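In this text, residue positions in the sequence shown follow the working numbering: the first is -16, and each later residue adds one. Notes to accompany the following structure.
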Amino acid sequence: MTEYFIGLISGTSMDAIDAVLLEIDGEEIRIDATHSHPIPADSLRSLRRIVEHPELVDLAEVGELDVALGRAFSTAALELLEKSDRQPGSVSAIGSHGQTLLHSPHGERPFTLQIGDPNIIAAGTGITTVADFRRRDVAIGGQGAPLVPAFHRAVFSSADEPRAVLNIGGIANLTLLLPGKDVIGFDTGPGNNLMDAWARRKKGEPYDKGGAWGASADCDNELLKLLLEHEYFLRSPPKSTGPEDFHLEWLQTQLDSLHTAPSPATIQATLCELTATTVALALEGLVPEPGGLYVCGGGAHNRALMQRLSDRLTGWRLETTESLGIGVDWVEAAAFGWLAHRTMNRLPGNLPGVTGATREAVLGAIYPA
Ligand SMILES: Nc1ncnc2c1ncn2[C@@H]1O[C@H](COP(=O)(O)OP(=O)(O)OP(=O)(O)O)[C@@H](O)[C@H]1O
Ligand SMILES: [Mg+2]
């Protein structure tokens, strides 16, 4: 029987809310419609301040933001349905990732915090909503991230070709799908987030369109070497990260220890190389035989980054997930629609080998329509 699910996500880049309508029939998964909805400008300002300065958080502001984002997610789902001519009553469930405020999977009291009130989504759309996917995995010893590798396996694996799926969002995460082997998946480190932050600071632009700025200069190898010393890169999986670990203050500290300051364009080129290099290093250590590397996420639109990736990877065939049937901008949202399907059918959504959880678990909480 064919069922319909909606996936909603706003990633760490905070560029937009992505919404996808999925058609699931047994093993068959198809994308029926997609929609991108802007994050309201005042919410975005508030979000950036909270993420950059968690120590200044005003609790009332967080409460209101939770509501504002819940409403925006709800509107995104309704607009998606309008586009697709489908009625809310025909959708089995929405899977909403929410917006991450803080991801802190280590230490004595590990936690990960997503907001965008699912009660408001369920009430606003009239559709059962599944949300809070990550915290069950954290509750049983996992990182709560990445959660997309199980979806990558369901839609992108091949019986004979070694494949890797690389999602380049704010943070980059890699999934290895090797025939006959358990799935491996982890965050490799920064994806676009440092490049975005640098473009915002130096050019007042939300991101380096097409990677043109990053392509206009050479990488500074001395700076790259310093950046690669970040302890996250030395850690073995399971591991996950966020803008808490990679931010402009950290970059500034590394810049301060150089004798001569590189130009802003050189720094952008180096940040671009950092993303490509950390992915390449992660792959080299893990895969005996290269195959197809399928890129998704907004970083797939950054031509400088794709070029640097292709230069750094020997033997891998560089493609995008488009060639496997899902456009680069919609894989993450689709994954959360699929995770809602898993939860509604009481099927596990995490891969303990990936997140480090002690066992599989049905993820999330269900907010009835
Ligand atoms: N045309 C483009 N040229 C260069 N970079 C682009 C372009 N379009 C998008 N991007 C980059 O992609 C980012 C958005 O990517 P994406 O939505 O996959 O990340 P995200 O929201 O952080 O997702 P997630 O954390 O869930 O992976 C933008 O912030 C920007 O850096
Ligand atoms: Mg996004």
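A virtual CB, placed ideally from N, CA and C, is assigned to each residue, including glycine. Quick caveat: nothing in here was measured; it's all calculated off a predicted structure.
Beta strand (DSSP E) runs wholly inside the segment 61 to 104, at least 3 long, in chain order: 74 to 87, 94 to 98
Item to check | Alpha carbon of Leu217 to alpha carbon of Pro71, nearest angstrom | outcome: Whole-angstrom Cα-Cα distance: 47 Å.
Notebook entry, point to check: Is it buried or exposed for Pro101, if we count other Cβ within 10 angstroms and need 16 for buried?
Noted result: Under this definition Pro101 is a buried residue.
Report task. With DSSP as the reference, label Thr111 as helix, strand or coil. Result -> coil
Going straight from the alpha carbon of Leu241 to that of Pro226, what length do you get?
So the two alpha carbons sit approximately 23 Å from each other.
- [ ] Could you say if the segment 82 to 102 and the segment 122 to 141 meet the contact criterion of at least three C-beta pairs nearer than 8 Å?
- [x] With the rule of 3 Cβ pairs closer than 8 Å, the segment 82 to 102 counts as touching the segment 122 to 141.
Item to complete: Evaluate Pro88 with the Cβ neighbour count: other Cβ atoms within 10 Å of its Cβ, from every protein chain shown; 16 or more gives buried, anything less gives exposed.
Response: Buried, since its Cβ has 16 or more Cβ neighbours within 10 Å.
Cα-Cα separation, Ala24 to Val270: 43 Å
Which residue from Leu52, Leu39, Leu64, Leu30 puts its Cα closest to that of Leu5? Leu64
Per DSSP, what are the beta-bridge partners of Gln155 in this structure? Per the sequence shown, the amino acid found at residue 155 is Ala instead of Gln. Ala155 is bridged to Ile151, Gly172.
- Query: Should Gly310 and Val3 be called a contact, given that it needs their Cβ atoms to be closer than 7 Å?
  - Reply: no
>> Let me make sure I understand the geometry here. Which of Ile14, His284, Ala323, Gln251 has the alpha-carbon closest to that of Ile151?
In response: His284
Worksheet item: According to DSSP, what are the bridge partners of Phe(-12)?
Response: Leu5, Ala76
Classify Leu266 as buried or exposed, calling it buried when 16 or more other Cβ atoms lie within 10 Å of its own Cβ.
-> buried
* **Residue environment, Asp165, which counts as buried when at least 16 other CB atoms sit within 10 Å** => exposed
Count Cβ pairs between the segment 302 to 316 and the segment 102 to 115 that sit closer than 8 Å; are there 3 or more?
no
Checklist entry - Should Leu39 go down as buried or exposed, given a rule of 16 or more other Cβ atoms within 10 Å for buried? => result exposed
List the residues that DSSP assigns as beta-bridge partners of Ser(-4). None, per the DSSP bridge assignment.
message = Output needed for Asp143: all residues of its chain with C-beta closer than 8 Å, excluding positions within five of it in sequence on either side, in chain order.
response = Excluding residues within five positions, the ones whose Cβ falls inside 8 Å are Pro162.
- Query: According to DSSP, what are the bridge partners of Cys255?
  - Reply: Paired residue(s): none; Cys255 is not in a bridge.
(message) On the DSSP letters alone, give me the boundaries of the alpha helix (DSSP H) that Leu238 sits inside.
(response) 231 to 239
Next on the checklist: I'd like to confirm the pairing. Which residues does DSSP put opposite Tyr350 in its beta bridges?
Outcome noted: Thr112
Buried or exposed (CB count within 10 angstroms, at least 16 for buried), Ser57: buried
Notebook entry, point to check: Assuming Met(-16) contacts Leu30 under a Cβ cut-off of 8 Å, what Cβ separation, rounded to an integer in Å, is found between them?
Noted result: At roughly 39 Å, the Cβ-Cβ gap does not stay under 8 Å, so Met(-16) and Leu30 are not in contact.
For Leu301, write down the residues that DSSP places opposite it in a beta bridge. Leu276
What are the boundary residues of the beta strand (DSSP E) that Arg13 is part of? 11 to 20
query = Using 8 Å as the threshold, is the segment 72 to 85 in touch with the segment 11 to 19, meaning 3 or more CB pairs across them?
reply = No, the segment 72 to 85 is not in contact with the segment 11 to 19.
Notebook entry, point to check: Does the segment 131 to 147 come close enough to the segment 237 to 257 to have 3 or more Cβ pairs within less than 8 Å?
Noted result: no
Could you check how far apart the C-beta atoms of Leu346 and Arg136 are, in whole angstroms? I think they sit under 8 Å. At roughly 15 Å, the Cβ-Cβ gap does not stay under 8 Å, so Leu346 and Arg136 are not in contact.
_Please determine whether the Cβ atom of Ser246 lies at a distance below 6 Å from any heavy atom of ligand 1._
In terms of side-chain proximity, the C-beta atom of Ser246 is found no nearer than 6 Å to any non-hydrogen atom of ligand 1.
Does ligand 1 have a heavy atom nearer than 6 Å to the CB of Gly281? Yes, ligand 1 has a heavy atom inside 6 Å of this Cβ.
Using only the alpha-carbon positions, how far apart do Pro221 and Thr338 sit? Distance between the alpha carbons of Pro221 and Thr338: 6 Å.
Original post:
Expressed to the nearest angstrom, what Euclidean distance is found between the alpha-carbon atoms of Thr83 and Gly(-6)?
Top reply: 7 Å
Please state the DSSP three-state secondary structure of Arg146. strand
Open item on the list: Following a CB-centred definition, is Lys222 positioned closer than 6 Å to any heavy atom of ligand 1?
Closed with: Ligand 1 has no heavy atom closer than 6 Å to the beta-carbon of Lys222.
Nearest-angstrom Cα distance between Ala155 and Asp201? 22 Å
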